[in-house]
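Data first, discussion second: the structure below is written as structure tokens.
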Amino acid sequence: MTRITTATTAPEVIEARRGAATAAIIAMLGQTTLAVVDDRALGFSALVAARIAHVALASIALALLWLRPPSVRGADVSFALAAIPFQLVLLVSELEFHARGDVRDHGSWYQLTMLGIATLAPADPMLPAFLVVTLGVQRVVLRYLLGVVPLAPGEPWLTLIFAAVAVGMLVSRARRREFVANAARVAAHAAALERVARLLLLVRDRANSPLQTVALGAAIMRRRCPDQQRVASAMDRAVRRLRKLSKALQRASRSFERAPL
Amino acid sequence: MPRVLICDDDPDIAEVMGEFFQDHGIDCVTTHSFDEVVAHRTESLGCSLAILDVNLGFGQPSGVDVFRWLQREHFAGSVVFLTGHAVTSSLLDGARTLGVPILSKPIEGETLLRLADAEASA
Numbered sequence: 001m002t003r004i005t006t007a008t009t010a011p012e013v014i015e016a017r018r019g020a021a022t023a024a025i026i027a028m029l030g031q032t033t034l035a036v037v038d039d040r041a042l043g044f045s046a047l048v049a050a051r052i053a054h055v056a057l058a059s060i061a062l063a064l065l066w067l068r069p070p071s072v073r074g075a076d077v078s079f080a081l082a083a084i085p086f087q088l089v090l091l092v093s094e095l096e097f098h099a100r101g102d103v104r105d106h107g108s109w110y111q112l113t114m115l116g117i118a119t120l121a122p123a124d125p126m127l128p129a130f131l132v133v134t135l136g137v138q139r140v141v142l143r144y145l146l147g148v149v150p151l152a153p154g155e156p157w158l159t160l161i162f163a164a165v166a167v168g169m170l171v172s173r174a175r176r177r178e179f180v181a182n183a184a185r186v187a188a189h190a191a192a193l194e195r196v197a198r199l200l201l202l203v204r205d206r207a208n209s210p211l212q213t214v215a216l217g218a219a220i221m222r223r224r225c226p227d228q229q230r231v232a233s234a235m236d237r238a239v240r241r242l243r244k245l246s247k248a249l250q251r252a253s254r255s256f257e258r259a260p261l
Numbered sequence: 001m002p003r004v005l006i007c008d009d010d011p012d013i014a015e016v017m018g019e020f021f022q023d024h025g026i027d028c029v030t031t032h033s034f035d036e037v038v039a040h041r042t043e044s045l046g047c048s049l050a051i052l053d054v055n056l057g058f059g060q061p062s063g064v065d066v067f068r069w070l071q072r073e074h075f076a077g078s079v080v081f082l083t084g085h086a087v088t089s090s091l092l093d094g095a096r097t098l099g100v101p102i103l104s105k106p107i108e109g110e111t112l113l114r115l116a117d118a119e120a121s122a
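Top to bottom, those sequences are chains L and H.
Each residue of the first sequence is one higher than the one before, starting from 1 at the first, in the working numbering.
Each residue of the second sequence is one higher than the one before, starting from 1 at the first, in the working numbering.
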């Protein structure tokens, strides 16, 4: 299979793929490590299985990024594959430790996950924002409906504050991306206008010499062939029209140069 | 009688302009390059008006170079630059610093005759 290199890939696509790839690698390495640790501490459990499943999904996400043609949409899909399982793993982890009576606070894991999502989300902010919000909701639901009591002071509300910050970061990054894309569009438009202006000037410059020849040729014809006055007059009128056109081209090229971006 | 030096790398313009002047009883020295002007030194310096195209071709000495040569040779007539460039070029910018009139192509026959007549009566 021939891979499409990133040499001609747009910067926003490269950035999106980089974010998705980083998320997938973090998920693979992090969950592999934690799966080994949990397996040794707890034995094989639902949590270890969930972590292994997450590693598998993150691997698929990375493989898709590697094998599929580069695109922002593809990066979004890979990121979703790598990031969504974090929620399930955190849920399983909280419930399993709670069931074992091993009370430990997962708040920092939630917060880390939220900030990671906000930092690495490729392009579409909707799914990452939804994921962050549901992580926060999950924390509250676990606390008040299932009675999983967090140890850290201020929880679960502190995690909700992190969720709000993460959503803010996602919105800010989306706006920045939009601004950069607009700036790129404006720059491309300006470059196109400049090319048109140069072309108009070139046309005008190239037209002037033959126009000079025709203008003087008509004057010579008028003098040498008195019986061809009508033809000479027609040539004079043609030259005048071409001269007006030439001036219009010059005005147009100047207006392009001054065109607001 | 006025005599006009024409230097334009476009052979059509040079020829038609020469024919135009001759039709009006004005003798012309028609050239297409700096080298030709120098080669026709005596005839060139004997003219009362020099009409020089600013751009005499890529990589070739320009009308500005012809003007400077004429100055060095104590050309007694007046000089007019002719240009097809609309706004700016490095050559045109150079010509603007010399204090020589610059006319944009296409110029009318009457304008050419006025220039030649002005020199004749000067």
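Ideal Cβ placement from N, Cα and C applies to all residues, glycine included.
Asked: Local conformation of H:L103 per DSSP, three classes; Found: strand
Asked: Reduced DSSP category for L:L131 - H, G, I as helix; E, B as strand; rest coil; Found: helix
Asked: Classification of L:S233 by the beta-carbon crowding that lies within 10 angstroms, buried from 16 upward; Found: exposed
Asked: Residues, ordered as in the chain, of the region 216-235 of chain L that lie near chain H by beta-carbon distance below 8 Å; Found: L216, G217, A219, I220, R223 and R224
Asked: Contacts around L:A35, its chain only, beta-carbon distance under 8 Å, and the 5 residues preceding and following it disregarded; Found: V48, R51, I52 and V55
Asked: Whole-angstrom C-beta distance between L:V89 and L:A16, which should lie under 8 Å; Found: Contact flag wrong, Cβ pair sits at about 24 Å.
Asked: H:V80 in three-state terms, based on DSSP; Found: strand
Asked: Cβ-based burial, L:P125 [other Cβ within 10 Å; buried from 16]; Found: buried
Asked: Chain-ordered neighbours of L:V239 on chain H, where CB pairs are closer than 8 Å; Found: P106
Asked: Beta-ladder partner(s) of H:R3, from DSSP; Found: H:D27
Asked: Beta-bridge pairing of H:D53 - partner residues as DSSP gives them; Found: H:L82
Asked: Minimum Cβ-Cβ distance from L:T119 to chain H less than 8 Å; Found: no
Asked: Straight-line Cα distance separating L:D76 from L:R143; Found: 31 Å
Asked: Assigned secondary structure, L:Q87 (DSSP; H/G/I helix, E/B strand, else coil); Found: helix
Asked: Whole-angstrom distance between L:V186 and L:L261, CA atom to CA atom; Found: Caution is warranted here: a pLDDT of 45 is assigned to L:L261, below 50, making its placement in the model unreliable, and no coordinate value can be reported.
Asked: Cβ shell of H:D65 (< 6 Å), same chain only, five flanking positions each side left out; Found: F34
Asked: Top-ranked residue by Cα proximity to L:V171, from L:D205, L:L145 and L:P122; Found: L:P122
Asked: Own chain residues within Cβ distance below 6 Å of L:G19, not counting five before or after; Found: L120 and P122
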